[in-house]
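Shown next, in structure tokens, is the structure this report addresses.
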Amino acid sequence: MSTSGSFSIPKTVVLVGLMGAGKTCIGKKLAQELDLPFVDADVEIEKAAGCSIAEIFEEHGETYFRDGERRVIQRLLAGPVQILSTGGGAFMDVITRETIKEQGISLWLRADLDVLVERTARRNHRPLLQNGNHREILARLIDERYPVYAEAEITTDSAEGSAEITLQRVLAALKDYCSRLAGQEHCSPLAQAD
Ligand code: S3P
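Structure follows, in structure tokens:
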């Protein structure tokens, strides 16, 4: 449990969303703001594998990567309360999704196609964007993934220009969610007494 200003964060906050949504950038700022550790699942996977995600995809394929991703996220969620940024496909895996739902607070950073195309154009390290037109690939992933990302407990729009605006939205949504959660816990014995 971590206490920030007027609200407590009872579980690890797990950022989900497509490549380019700003999970790492916002995750780091959020962690700083809440005085919590920040951890990036993709970085942890690379550390565990001893090579880059691009190399894992190339040498072993996506299924192997997803298995490793599942194990790493399970391990991280078993640790202390922190801010955890996950790769765009993590929440699509049914077991990873259930683990996140049980042990964390999922927060979907939703961004529109133009924002994702613009942001992912800056670097070219993502295996899923290697073969084909970024806009077409991201549009297909939006169709496939957004209905599933919508299962996250909190959804916040990733603002186009300023990370600070997104950060303030995330903080407000998180505060609201955690306050409601604390209220529910507080009220449940009374509800049962009826
Ligand atoms: C992926 C997203 C990447 C990384 C891997 C697969 C995906 O992470 O995990 O390349 O399936 O969307 P980011 O969302 O951090 O770029």
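Just so we're aligned, residue 1 is where the sequence shown starts under this note's numbering, counting upward by one.
By construction, the Cβ of each residue, glycine as well, lies at the ideal position given by its N, Cα and C atoms.
Closer than 7 Å to a non-hydrogen atom of the ligand S3P - does that hold for the CB of residue i?
{"i": "Ile53", "result": "yes"}
{"i": "Leu109", "result": "no"}
{"i": "Arg126", "result": "yes"}
{"i": "Lys23", "result": "yes"}
{"i": "Gly87", "result": "yes"}
Indicate the three-state DSSP secondary structure (helix, strand or coil) for residue i in the structure shown.
{"i": "Thr12", "result": "strand"}
{"i": "Ser179", "result": "helix"}
{"i": "Thr155", "result": "strand"}
{"i": "Asp114", "result": "helix"}
{"i": "Asp40", "result": "strand"}
{"i": "Leu18", "result": "coil"}
Nearest-angstrom Cα distance between residue i and residue j?
{"i": "Lys23", "j": "Glu58", "result": "24 Å"}
{"i": "Glu153", "j": "Ile56", "result": "30 Å"}
{"i": "Leu84", "j": "Arg135", "result": "27 Å"}
{"i": "Lys11", "j": "Arg110", "result": "21 Å"}
{"i": "Thr86", "j": "Phe7", "result": "24 Å"}
{"i": "His60", "j": "Leu36", "result": "34 Å"}
* **Runs of alpha helix (DSSP H) lying entirely within the region 65-104, each at least 4 residues, in chain order** => 94-103
* To do: Would you check if the region 136-150 and the region 37-47 touch, i.e. whether three or more CB-CB distances between them fall below 8 Å?
  => no
* To do: Spell out a yes or no on whether the region 65-85 and the region 155-170 are touching, meaning 3 or more CB-CB pairs, one atom from each, closer than 8 Å.
  => no
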